[in-house]
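Working notes, beginning with the structure itself.
Protein chains in written order, with our numbering: chain A, 266 to 733; chain X, 604 to 773.
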């Protein structure tokens with residue numbers, strides 16, 4: 266009998282009563298892990314912990330490598346499920362009862378307001394965090410072989426999170442939600458040929474009503490969460506199969522064949538717990554002080570002025586003011602999403618997985634792209650608002666050309682010119698140019714969103730944030 | 604010896620092809636079951652027409668002489684405006700903006716519909732005065748029976764712009 270087995274028998278013999286035997290039937294391993302071998306055994310044999318690796322490279326632990334964004338998304342998702350279940354006990358998904366049940370939740374149910382606040386803010390933070398997670402993976406070049414397909418799974422999860430938010434937005438049935446969903450579903454109608462039909466399916470009828478609400482409720486509380494859980498499992502599993510996150514390295518650095526490894530318990534698990542606890546504490550205190558908005562009950566006869574889509578769609582709504590709907594709602598978002606899907610499958614010149622911003626030059630070019638976007642986007646918005654107007658650049662031509670094809674062609678041309686300039690002026694590599702273009706477009710969309718949220722007042726006219 | 608071996612091989616092949624057939628059959632049946640579920644999913648999600656759609660929903664607007672020439676009257680229940688033009692013709696225009704579906708209020712002073720969402724403007728006939736609205740406001744069929752104006756609101760009619768044929772003359 267080895268020393269180890271003897272120890273385990275000793276531990277087992279400490280508890281020979283019924284409770285001891287029941288306990289041993291549940292926790293079969295060492296109760297208090299004493300060395301790394303014990304800890305690895307715990308990781309491998311614990312139902313929840315076995316999602317984590319037993320060992321991992323020491324350098325991938327650094328917080329500023331991943332910022333814990335993926336884990337934070339999972340924590341927010343857990344908070345959302347926990348509070349969402351509570352809300353389901355109180356909420357009634359019908360146009361007659363929905364708003365009143367939310368008011369009742371906030372005024373009569375013990376901690377009702379806090380639970381709704383936690384749900385609301387977790388959902389909004391989740392969108393921010395998953396987008397930051399995407400940016401982290403992109404800029405630390407974590408999407409290359411063997412992680413290509415996990416990027417795709419991540420994009421599916423991003424869509425799921427947005428869909429989940431969007432379907433939840435309607436449920437309070439106040440002016441804010443009713444008109445935001447009206448506007449967003451009206452955008453669908455601009456899809457060529459099948460737009461009207463798609464819109465009717467999305468609304469389950471010609472306009473938003475009881476049928477829409479029950480469909481959104483079912484998607485929000487069942488269909489999307491279940492799909493999210495399945496895809497999250499797949500996402501985590503692929504991370505394991507790729508032997509963890511991409512290992513960070515300096516530009517030009519070669520990774521050693523036998524990197525230093527540490528045991529996940531405590532090094533990884535404790536870090537994850539700390540991030541999770543801080544995040545939960547933050548969401549809770551935020552929710553104590555800041556209430557989720559609730560407007561007047563929905564009134565289909567009166568649109569509020571201004572009426573805006575949910576904030577994550579406001580960038581698209583802003584594009585609607587500058588481009589023909591076919592381009593603003595269909596072509597540009599579709600092309601952008603396809604480009605995102607295509608990122609891991611493009612041909613790249615340099616082996617830079619794990620190198621932040623590809624290289625020192627890549628970093629500098631990214632800054633240039635940020636500055637360019639910060640200057641050009643507001644300029645474009647202001648010029649289009651005051652000088653060009655919604656008739657477009659060639660008022661004689663059909664709107665799809667004068668306000669669609671033409672400005673888009675100018676934009677694409679400018680983007681290609683920007684890339685050529687970087688190549689010539691800075692002798693940038695292909696990878697660096699692609700990254701700069703990505704930065705330019707991402708910051709432009711961010712600026713459009715900020716303009717839409719803070720600088721659009723009554724009648725969607727440009728104004729200052731304090732007048733909105 | 605050889606003959607026996609061949610025989611055995613043959614029977615193994617035989618078995619494996621039967622096995623692979625059964626395997627494919629099960630796989631195919633599983634696929635069919637999934638497809639059935641997908642079909643049901645779509646069927647349950649499909650927009651259903653309300654049962655009373657055949658009769659149409661008719662709003663009785665009122666007597667002919669209630670509506671002055673060049674007036675616009677709101678019918679919040681029916682979600683439309685009854686517009687009587689200077690030539691006496693009636694037009695029931697939908698209150699739903701053709702841009703993104705906001706409800707457009709009638710501004711009597713300016714004599715136009717102004718959308719609060721993106722500042723589209725329409726005249727009393729529903730024609731676009733100012734974009735981004737891509738087309739004129741939808742209309743509903745108007746009937747005049749025994750001096751009573753009735754509007755059928757069951758199905759809005761899309762149009763790109765105003766034409767005289769859309770008017771109902773008393």
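C-beta: ideal position from N, C-alpha, C; glycine also.
- Taken in chain order, the members of the stretch 634-649 of chain X whose beta-carbon sits within less than 8 Å of a beta-carbon on chain A are 648, 649.
- Between residue 745(X) and residue 695(X), the CB-CB gap stays under 7 Å.
- The C-beta of residue 432(A) comes no closer than 7 Å to any C-beta of chain X.
- Taking the Cα of residue 763(X) as reference, the smallest distance to any Cα among 771(X), 747(X), 728(X) is reached at 728(X).
- With distances taken between CA atoms, residue 423(A) lies nearest to 342(A) out of 558(A), 551(A), 342(A).
- Taking residue 470(A) as the centre and dropping the five residues before and after it, the same chain places the C-beta of 476, 477 closer than 8 Å to its C-beta, in chain order.
- Pairing residue 599(A) with residue 593(A) gives a Cβ-Cβ distance that is not under 7 Å.
- Listed along chain X are 721, 735, each with a C-beta nearer than 8 Å to that of residue 586(A).
- Annotation: the stretch 350-414 of chain A contains the following complete segments of the alpha helix (DSSP H) (minimum length 4 residues), in chain order: 363-373, 377-404.
- The beta-carbon distance between residue 709(A) and residue 642(A), rounded to whole angstroms, is 5 Å. This is short enough to meet the 8 Å contact definition.
- Taking 7 Å as the cut-off, the beta carbon of residue 706(X) is found no closer than this to the beta carbon of residue 736(X).
- Interface criterion not met: the Cβ of residue 678(A) is under 7 Å from no Cβ in chain X.
- According to the DSSP assignment, residue 710(A) belongs to the alpha helix (DSSP H) that extends over 695-719.
- A check of alpha carbon separations from residue 681(X) across 688(X), 661(X), 693(X) identifies 661(X) as the nearest.
- Annotated three-state conformation of residue 665(X) is strand, per DSSP.
- For residue 506(A), there is no enclosing beta strand (DSSP E); the enclosing alpha helix (DSSP H) has its first and last residue at 489-506.
- Scanning its chain for C-beta atoms nearer than 8 Å, with the 5 sequence neighbours on each side dropped, one finds around residue 733(X) the residues 722, 723, 724, in chain order.
- Close to chain A, meaning a Cβ-Cβ distance shorter than 7 Å, are the following residues of the stretch 704-732 of chain X: 704, 705, 706, 719, 720, 721, 722.
- At a C-beta separation below 8 Å, residue 679(X) has these neighbours in chain A: 566.
- Under the three-state reduction of DSSP, residue 684(X) is assigned to strand.
- Pairing residue 703(X) with residue 364(A), the inter-Cα distance amounts to about 24 Å.
- In the structure shown, residue 724(X) falls within a strand segment according to DSSP collapsed to helix, strand and coil.
- A Cβ-Cβ distance of about 5 Å is found for the pair residue 544(A) and residue 337(A), placing them in contact under the 8 Å criterion.
- Close partners of residue 732(A) in chain X (Cβ separation under 8 Å) are lacking, with about 16 Å as the shortest Cβ gap.
- Taking one beta carbon from each stretch, the stretch 611-620 of chain A and the stretch 401-412 of chain A have 3 or more pairs nearer than 8 Å; the two touch.
- Annotation: residue 479(A) is outside any beta strand (DSSP E); the continuous alpha helix (DSSP H) that includes it extends over 475-483.
- Sixteen is the threshold: since fewer than 16 other Cβ atoms of the shown chains lie within 10 Å of the Cβ of residue 673(X), the residue is exposed.
- Taking the Cα of residue 595(A) as reference, the smallest distance to any Cα among 687(A), 684(A), 570(A), 665(A) is reached at 665(A).
- Exclusion of the five residues before and after residue 720(X) leaves 700, 702, 703, 705 as the residues of its chain whose Cβ lies within less than 8 Å of its Cβ.
- Taking a 10 Å sphere around the C-beta of residue 385(A), we find 16 or more other C-beta atoms and assign the residue as buried.
- By the beta-carbon neighbour count (other beta carbons within 10 angstroms, threshold 16), residue 583(A) is buried.
- When DSSP states are grouped into helix, strand and coil, residue 744(X) belongs to the coil group.
- Its chain contains 323 as the residues whose beta carbon lies nearer than 6 Å to that of residue 527(A), once the 5 sequence neighbours on both sides are disregarded; these appear in chain order.
- Within chain X, no C-beta atom comes nearer than 8 Å to that of residue 437(A); the closest sits roughly 19 Å away.
- Close partners of residue 571(A) in chain X (Cβ separation under 9 Å): 719, 720, 721.
- Residue 675(A): member of the alpha helix (DSSP H) spanning 671-691, first to last residue.
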